[in-house]
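A short write-up of the structure that comes next.
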Amino acid sequence: MIEMQDVWKEYPTGTRALNGISVNIGKSEFVYVVGPSGAGKSTFIKLMYREERPTKGHIFINGFNIERLKNRKVPLLRRSIGVVFQDFKLLPNLTAAENIAFAQEVIGISQRHIKRRVKEVLEWVGLSHKTDVLPSRLSGGEQQRIAVARALVNNPTVIIADEPTGNLDPETSWGIMKLFQRINDRGTTIVMATHNKDIVNTMRKRVIAIEHGQIVRDEVKGTYGYED
Amino acid sequence: MIEMQDVWKEYPTGTRALNGISVNIGKSEFVYVVGPSGAGKSTFIKLMYREERPTKGHIFINGFNIERLKNRKVPLLRRSIGVVFQDFKLLPNLTAAENIAFAQEVIGISQRHIKRRVKEVLEWVGLSHKTDVLPSRLSGGEQQRIAVARALVNNPTVIIADEPTGNLDPETSWGIMKLFQRINDRGTTIVMATHNKDIVNTMRKRVIAIEHGQIVRDEVKGTYGYED
Amino acid sequence: MRIRILRHFREGFKNLIRNGWMTFASLSAVGITLLILGVTLVIAMNAQQMSNYITGQLQVNVFYKMTATPSQEKQTIAEIEAMPGVKSVQFVSKQQEFKDLQKSIGSQYNDVLSGLSANNTLPDKLIVKAVDPRKTVALGESIAKLPQVDKVQDGSDIANKLFRFLDVVRNIGLAFVIGLVITAMFLISNTIKITIFSRRREIEIMRLVGATNWFIRWPFLTEGILIGAIGAAIPFAAIFFAYRAAYTKVGGAFMSIAFPLMPIGSIGSKLALVLFGLGLFIGIWGGIMSVRKFLKV
Amino acid sequence: MRIRILRHFREGFKNLIRNGWMTFASLSAVGITLLILGVTLVIAMNAQQMSNYITGQLQVNVFYKMTATPSQEKQTIAEIEAMPGVKSVQFVSKQQEFKDLQKSIGSQYNDVLSGLSANNTLPDKLIVKAVDPRKTVALGESIAKLPQVDKVQDGSDIANKLFRFLDVVRNIGLAFVIGLVITAMFLISNTIKITIFSRRREIEIMRLVGATNWFIRWPFLTEGILIGAIGAAIPFAAIFFAYRAAYTKVGGAFMSIAFPLMPIGSIGSKLALVLFGLGLFIGIWGGIMSVRKFLKV
Ligand SMILES: Nc1ncnc2c1ncn2[C@@H]1O[C@H](COP(=O)(O)OP(=O)(O)OP(=O)(O)O)[C@@H](O)[C@H]1O
Ligand SMILES: Nc1ncnc2c1ncn2[C@@H]1O[C@H](COP(=O)(O)OP(=O)(O)OP(=O)(O)O)[C@@H](O)[C@H]1O
Ligand SMILES: [Mg+2]
Ligand SMILES: [Mg+2]
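Residue numbers (the working numbering), protein chains in the order written: chain A, 900 to 1127; chain B, 900 to 1127; chain C, 10 to 306; chain D, 10 to 306.
Structural data, given as structure tokens:
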């Protein structure tokens, strides 16, 4: 499903965000990516949907060879992945529902189907009452949940989430986690960068720990680690 | 220091974010504001530095009567408060150091003093190595720490922070919390909205819990509550 | 596919409404530029007509020798008509010429000349026009060499001055129009680029959620088409009606001076072609250009 | 305070560099508009001069009765000179007039008129000019009523036609210039507003960290001043040098037609005044306007 072989990433500024990452994530796995601030978690994740390209190394996602992937084909890759961005990336001129619908329009689904599906995912994240609100008029946590809903709406085979509970209270966070668990149970691969120790330690999954751009720990049913 | 009397806030969209809030926060208090997503925490905080104005009720901050405050005088209010915004609000065209320096230039401090002070606060948040980097090239947690540094730089009498650890790993979060504690010990009032149960339950302070726009709990040395 | 196109037009239209302010800016840039261009065009077309009119007046006056017999005169006419580049040869008898002279000198000198009518000492005359009015002078020179021709008055000094003057005017006008077109394109591309610049983040997000380039481009394109069409229609209507009003109102003033205004009919279609053609071109070009930069997936 | 102003100029300049693309857009909008305006201005000034020149040629030809004695003629001159609005009265004797007539008819008719020189039947003539050339016709009418005056040729038909023509031309020109100025202001304000629109978030953030309105406004203002100054300097230099070159090169062509170009000296200072004045005004106004909307603390 997701395979990285000796991947390096140096930003044009000279920052070495990733220094030789090799990892293999199989179908319907559920993986936490943990690590201190600035360790390279987001960079690791951005490589998967080709927002960033590696300086060196090979990456295979959902059967796409990222290295060889033509620009024209990138949308196909992205449609097979649902991404929750760390900074949400909602379209500011579209309402909550329209933002979610956009991801469906992109793949050519008919308006009628879209309407039904959008309603459904909005219920999942508990925001049915915010359907027609612009992102700038939502609270931080509400924006984050819209971002989660958009990532789910197309039933992607892989969901990549960058700190999807960063702006959520514990209760709402658990709601989202249960949603992820349900989706994962149906066979969807989930990769999730997180700082939430509680969640990692309670809902035990594979844990990949990144520090200074390198994988320092990779445990099946791991813990958050990093004792304070 | 901070006083609200029966404050209501209805957004133009019709959303009632606050429904009758009365609260009193004294000098050098340290207060956590907790509550579920969309409860009204950010709105509560935005009223303090007059980003939003109440629909009804009286607010007094640092001796300013928010109701009567002339537009011209608003900058004075804001200078006496250091704010960490939930979405950081860094100036995109200024580097990390320039963003912090801007808050100092605004109050007319000389370049020489600014330089020294900016260096100092960057060390506090552990980002001396990112001095000349633009916000878009910082990780989520790094941006958040720059926002914290900017809030501290002018030695304000009140610091208001909206989820200042939302994008930080536990270790870095604790670093920021210790920083807040140190500043609080020197007599600075701190109001902090947070979802971090660990922190609230470990570093015991006054806890104000907001739900549906109302204060449902106000405890000295309280806990996060909300059992899952 | 049909549904797709419909969606894109709907989205393009929605964008027009949503970005109210930006739309207004682009639209006004297109509209105003086309207005200036249209006005310049109308003036240029009239100026062209005026210049044609003036050059059409140029002629060579050929005076026969007093001794020329009618048959010799006929032969000379044939010789001139055989010359290359001759458009017309018109014979003016001495009687006719006398009347013309009388008229041109002015009524107050009537008495002066009346004594002359009896013993008309004027020569017969030919009026020759060249196909290319600029060759009038050269033509005059060849005619002067014919045996029966006494004098040739080719107005060479006037013609030369006039042509030099018209050249200068035309060059200035041409420079002005070219400058305007470049300016127009430039200002509009500026406006569009700025408009898009502010939507850069949006385009980036669209790409990140898997939209193809064409899916992103289409609404911008339909938006551009709408802006181009509306931005051409408004100045066209303005010029059309203003010109029609001006034509009926001041047309007379021009007419009496010597230069008739062109009728709106012959100007309207050319104007529409240029304005709508350019408007749509600019709109579509702007729509494509504007996203291009941000579509490097 | 002094340090503050310095800071603001430094910041304004930094912004110019930082917003490279936006700066270029604003600058080019200002520059191009001022260029068009400047060119129009130069043309207008020359046209004005041309029109003055033409109207300066207007005159009334007054023909005495054949019976008028020299003393009566003198008295008539005095009477005309006493009329209000008369600029000059010039006496043309019948001998002089005959020579003028001969010249104006053309050399080929010399023989025709030579017989007349002995018994000159032409009347003496006066050439009268009005202070205001537009009053020429009215003046001619009053002169015609004087006893010793036989005929008056005031060129009223030519004059009327000319004035009507000039009126039309002037009105079109005026409409064009006014349209251009409005267009200019409009396009520039558009550009600036869009530029600022994209900085709205920045301004909002500045306000949130306690910047006063003036603190925010100043860099925009200094930026505007710089854009205005540079945006005026470039078209001014372009027009100045182009005009100087044109003056020396094609000036002659105009001169020989009848309408001399104005020298660069007398145009340059007016042009500088208008361009820099307008440039700075637009820049400062744009700078203030642009932030105003977002400064409702
Ligand atoms: N666009 C960029 N250009 C240059 N450097 C970057 C860029 N994005 C990130 N970096 C740097 O790369 C390093 C890794 O960043 P990354 O965003 O991957 O961290 P992270 O693990 O996601 O941190 P956080 O938990 O704070 O989000 C950091 O030092 C960061 O400053
Ligand atoms: N600008 C706005 N216009 C209209 N409604 C708003 C606006 N901002 C917030 N709201 C609404 O007001 C309510 C309270 O929002 P607020 O941002 O205060 O929540 P919060 O407690 O900070 O939530 P979170 O923990 O998710 O940040 C929410 O229902 C939100 O949708
Ligand atoms: Mg990150
Ligand atoms: Mg909030």
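Ideal placement from N, C-alpha and C gives every residue a C-beta, glycine not left out. None of the values given here were measured: they were computed from a predicted structure.
| Asked | Found |
| --- | --- |
| Rounded Cβ spacing between D/Ser-97 and D/Lys-138 (contact assumed at less than 8 angstroms) | 5 angstroms |
| Backbone CA spacing between B/Glu-1118 and A/Leu-946 [nearest angstrom] | 46 angstroms |
| Selected residue, minimal CA-CA separation from D/Ala-307, among D/Asn-180, D/Ile-86, D/Arg-208 | Residue numbering for chain D in the displayed model covers 10 to 306; residue 307 of chain D lies beyond these limits and cannot be assessed. |
| Supposed close pair B/Ile-1089, B/Asn-1083 - CB separation, criterion 8 angstroms | 5 angstroms |
| Chain-ordered neighbours of B/Asn-1128 on chain A, where CB pairs are closer than 8 angstroms | Residue 1128 of chain B cannot be examined here, being either before or after the span of chain B that is shown, 900 to 1127. |
| Within chain A, the residues that B/Thr-1122 reaches when beta carbons sit closer than 7 angstroms | Correct list: empty, because the minimum Cβ distance to chain A is about 12 angstroms. |
| Whole alpha helix (DSSP H) elements within the region 1013-1069 of chain A, 4-residue minimum | 1039-1051 |
| Per-residue DSSP class, three states only, for D/Ala-267 | Because the pLDDT of D/Ala-267 is 47, which lies under 50, any placement of that residue in the model is unreliable, and the number read from its coordinates should be weighed accordingly. DSSP places D/Ala-267 in coil when its eight states are reduced to three. |
| 7 angstroms Cβ cut-off: residues of chain C touching A/Leu-1021 | Residues of chain C passing the Cβ test: none, with the nearest at roughly 17 angstroms. |
| Same chain, Cβ closer than 8 angstroms to A/Ala-1046, five either side skipped, listed in chain order | Val-983, Phe-984, Phe-987, Lys-988, Leu-989, Pro-1063 |
| Backbone CA spacing between C/Phe-249 and C/Leu-235 [nearest angstrom] | 21 angstroms |
| Where the region 911-927 of chain A meets chain C: residues whose CB sits under 7 angstroms from a CB there | none |
| Own chain residues within Cβ distance below 6 angstroms of A/Lys-940, not counting five before or after | Val-932, Gly-934, Ala-1092, Ile-1109 |
| Rounded straight-line distance, which links the Cα of A/Glu-950 to that of A/Gln-1080 | 26 angstroms |
| Distance, B/Arg-1011 Cα to B/Arg-1049 Cα | 17 angstroms |
| D/Ile-291 versus D/Arg-226: straight-line alpha-carbon distance, rounded | 15 angstroms |
| Within 6 angstroms of ligand 4: residues by beta-carbon to any heavy atom | A/Ser-1038, A/Gly-1039, B/Lys-940, B/Ser-941, B/Gln-985, B/Asp-1061 |
| Contact the region 207-219 of chain D vs the region 276-291 of chain D: 3+ CB pairs below 8 angstroms | no |
| Three-state class that DSSP yields for C/Ser-80 in the structure shown | helix |
| A/Tyr-931 (DSSP reduced to helix, strand or coil) | strand |
| B/Ile-1109 at chain A interface by Cβ criterion, 8 angstroms | no |
| Any non-hydrogen atom of ligand 1 closer than 7 angstroms to A/Tyr-910 Cβ | yes |
| D/Thr-221 at chain B interface by Cβ criterion, 8 angstroms | yes |
| Residue-chain proximity (A/Glu-997, chain B), Cβ-Cβ < 8 angstroms | no |
| Beta-ladder partner(s) of A/Leu-917, from DSSP | A/Lys-908 |
| Every unbroken alpha helix (DSSP H) within the region 126-160 of chain D, with a cutoff of 4 residues, ordered by chain | 145-153 |
| Own chain residues within Cβ distance below 7 angstroms of D/Glu-232, not counting five before or after | Gly-21, Asn-24, Leu-25, Gly-296 |
| Listed by chain order, chain C residues near A/Pro-974 by CB distance under 7 angstroms | Gly-219, Ala-220, Thr-221 |
| Reference C/Ala-184, options D/Lys-134, D/Ala-238, D/Leu-44, D/Arg-209, closest by Cα | D/Leu-44 |
| Contact with chain D by B/Arg-977, beta-carbon distance below 8 angstroms | yes |
| B/Ala-1000 to B/Arg-1036 span [Cα, whole Å] | 18 angstroms |
| Chain A contact for C/Glu-2 (CB, 8 angstroms cutoff) | Past the boundaries of the shown model lies residue 2 of chain C; chain C is included only from 10 to 306, so the question cannot be answered. |
| Spatial distance of C/Asp-141 from D/Lys-258 (CA atoms) | 27 angstroms |
| Through-space distance from D/Ala-38 to A/Ser-1038, alpha-carbon basis | 40 angstroms |
| Segment contact flag, the region 1016-1024 of chain B with the region 966-975 of chain B, C-beta cutoff 8 angstroms, min 3 pairs | no |
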